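Participant: Sharing a structure, written as structure tokens. Questions coming.
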Amino acid sequence: MNIKAIYDNGGQSFDRYTVVFDDGSVFGMSHNATSPQGFCQYAGEVSEFDFNADGLPLGEEIDNVPLEVVRQAINICKINMCKFERERK
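Position one of the sequence shown corresponds to residue 0 (numbering that gives the first Met the number 0), numbered consecutively onward.
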């Protein structure tokens, strides 16, 4: 599992960052995604959304991502890799 894209809606909502993984998972995150006051929640699979028709405020795809968002995205990748390794045994 790898990060495919990260979008920033410019602060239109608390979960301003949308992280899309190459397995199709989509997560919403705040700028402080690893904090107890932050937000990080599974939103579904890419196949469940028509990103153009639903009018989802994804914003712009970005490269300059807040460190906590990157850390949380990496943690999600690690957790999924651990699940994959356990299932293979």
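Virtual Cβ for every residue (Gly too), placed ideally from N, Cα, C. Since this is a predicted model, take the numbers as computed values, not measurements.
Take Glu67 and list the residues in its own chain whose beta-carbon comes closer than 6 Å to its own, dropping the five residues that flank it on each side.
Facilitator: For this step, residue 67 is matched to residue 68 along the sequence shown. Result list for Glu67: Asn31, Ala32 and Thr33, in chain order.
Participant: Alpha carbon to alpha carbon, how far is Tyr41 from Tyr6? Give it in angstroms, no decimals.
Facilitator: To locate residue 6, count along the sequence shown from 1; it is residue 7. To locate residue 41, count along the sequence shown from 1; it is residue 42. In a straight line, the C-alpha of Tyr6 is about 15 Å away from that of Tyr41.
Participant: How many angstroms separate the CA atom of Gln36 from the CA atom of Phe13?
Facilitator: In the sequence shown, residue 36 corresponds to position 37, counting from 1. In the sequence shown, residue 13 corresponds to position 14, counting from 1. Taking the straight line joining both Cα atoms gives about 11 Å.
Participant: Leaving out five residues before and five after Asn110 in sequence, what residues of the same chain have Cβ atoms less than 7 Å from its Cβ?
Facilitator: Residue coverage of the chain in this structure runs from 0 to 88, which leaves residue 110 outside it and unanswerable.
Participant: If you run the structure through DSSP and keep just helix, strand and coil, what is Ala42?
Facilitator: As a working mapping, residue 42 is identified with position 43 in the sequence shown. Three-state result, Ala42: strand.
Participant: I'd like the span of the beta strand (DSSP E) that includes Ala4, first residue to last.
Facilitator: Counting from 1 along the sequence shown, the entry for residue 4 is found at position 5. First-last of the beta strand (DSSP E) with Ala4: Ile2 to Asp7.
Participant: Would you call Gln11 buried or exposed, if buried means 16 or more other Cβ atoms sit within 10 Å of its Cβ?
Facilitator: If you number the sequence shown from 1, residue 11 lands on position 12. Exposed: under 16 other Cβ atoms inside 10 Å.
Participant: Nearest to Cys39 by alpha carbon, out of Lys3, Ala4, Arg70 and Met0?
Facilitator: Within the sequence shown, the letter at position 40 stands for residue 39. Nearest of Lys3, Ala4, Arg70 and Met0 to Cys39, Cα basis: Arg70.
Participant: So for Val68, helix, strand or coil by DSSP?
Facilitator: Translated into the one-based positions of the sequence shown, residue 68 becomes position 69. The answer is helix: DSSP assigns Val68 an H, G or I state.
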